[in-house]
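Asks:
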Amino acid sequence: DGGITQSPKYLFRKEGQNVTLSCEQNLNHDAMYWYRQDPGQGLRLIYYSQIVNDFQKGDIAEGYSVSREKKESFPLTVTSAQKNPTAFYLCASSIYSAGHNEQYFGPGTRLTVT
Amino acid sequence: AQTVTQSQPEMSVQEAETVTLSCTYDTSESDYYLFWYKQPPSRQMILVIRQEAYKQQNATENRFSVNFQKAAKSFSLKISDSQLGDAAMYFCAYRSAKGGSEKLVFGKGTKLTVNP
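Chains as they are written, first to last, in our numbering: chain G, 1 to 114; chain X, 1001 to 1116.
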């Protein structure tokens, strides 16, 4: 089955620790994205990558970092510099060259930092 | 910068009835795409329907249809014959057609409740 996997579903960390969220896709999509969802806020773009070894900041990149060493993988690191890291994180991917650019989403990771 | 506004934080509908969710957007561009996503309690985002701005015909997917008014920058979603499984958060989203602008801009969502 083709799709996007995110692990783990729930993640707990102590304040001051960095944590990495996994995102893997087997759809052969070029572009991948990370969004953050807070209650009443909708989804906000953190980072996106259009091609391997390249990525761009989204609207709320501060306190986050990413890498794109493989086409299938786009891990997100939430650093200790992120002031309010508790949120629901969604990864997505799309065919870069397609006109309508439909984004497919993973099941998400709920991060709780205490 | 583009913005998307969903003015109805919550809506409710009786099973088998019809409901319309509102969405307006602000952009200076003439070519773009609009989407409605559904997020059920599982929190998986699912694409419901999309509309290309250059198409005058409103998109339809089974019980879901849109009313796209380009001049008014309005993109409402109509759900006909509502089912209990339609209960979810619904998000309207915008994407520029300009090359290198792949990101989606989301509204804050509308929570739809379907009453039996």
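Backbone N, C-alpha and C define an ideal beta-carbon position, used for all residues, glycine too.
Determine the chain G residues that contact R1063(X) at a beta-carbon separation under 8 Å, and present them in chain order.
Replies: Within 8 Å Cβ-Cβ: nothing; R1063(X) doesn't reach chain G, min ~20 Å.
Asks: Relative to the C-alpha of V1048(X), which residue among V1013(X), S1076(X), K1038(X), T1113(X) is closest?
Replies: K1038(X)
Asks: According to DSSP, is L1104(X) helix, strand or coil?
Replies: coil
Asks: For the candidate residues Q1002(X), V1066(X), Q1006(X), whose alpha-carbon lies nearest to that of E1129(X)?
Replies: Outside the shown range of chain X (1001 to 1116) lies residue 1129(X), about which nothing can therefore be said.
Asks: Rounding to the nearest angstrom, what Cα-Cα distance links Y1054(X) and K1103(X) in this structure?
Replies: 19 Å
Asks: Note down, in chain order, each residue of its chain lying with its Cβ closer than 7 Å to the Cβ of S67(G), except the 5 sequence neighbours on either side.
Replies: Cβ neighbours of S67(G) within its own chain (closer than 7 Å, five residues either side excluded): P75.
Asks: Quick one: Cα of A87(G) to Cα of S1065(X), how far?
Replies: 32 Å
Asks: Assuming A92(G) and Q103(G) make a contact with CB atoms under 8 Å, what is their CB distance in whole Å?
Replies: 4 Å
Asks: So within the region 53-103 of chain G, which uninterrupted beta strand (DSSP E) runs reach at least 3 residues, ignoring any that extend past its ends?
Replies: 54-57, 64-66, 76-78, 87-94
Asks: G3(G) by DSSP, collapsed to three states: which one?
Replies: DSSP, read as helix, strand or coil, puts G3(G) in coil.
Asks: Starting from the Cα of Y10(G), find the closest Cα among R1043(X), R1063(X), F1091(X) and give me that residue.
Replies: Minimum Cα distance to Y10(G) is reached at R1043(X).
Asks: Mind reading off the beta-carbon distance from A1093(X) to V1004(X)? Whole number of angstroms is fine, and I expect it under 8 Å.
Replies: 7 Å between Cβ atoms; contact.
Asks: Please classify Q1056(X): is it buried, with 16 or more other beta-carbons within 10 angstroms of its beta-carbon, or exposed?
Replies: That one is exposed.
Asks: Is it true that the CB of S80(G) sits closer than 8 Å to the CB of Q144(G)?
Replies: What is shown of chain G runs 1 to 114, which leaves residue 144(G) out entirely.
Asks: Skipping 5 residues on each side, what residues in its chain have a beta carbon closer than 6 Å to that of S1074(X)?
Replies: Excluding sequence neighbours, S1074(X) sits near T1024.
Asks: Give the secondary structure of L1084(X) by DSSP, where H, G and I count as helix, E and B as strand, and everything else as coil.
Replies: helix
Asks: In terms of alpha-carbon separation, which member of N1115(X), F1068(X), S1007(X), P1041(X) lies closest to D1081(X)?
Replies: N1115(X)
Asks: Can you find at least 3 beta carbon pairs, one from the region 22-40 of chain G and one from the region 48-64 of chain G, that sit closer than 8 Å?
Replies: With the rule of 3 Cβ pairs closer than 8 Å, the region 22-40 of chain G counts as touching the region 48-64 of chain G.
Asks: Check the Cβ of F1091(X) against every Cβ in chain G and list those closer than 9 Å, keeping chain order.
Replies: G42, L43
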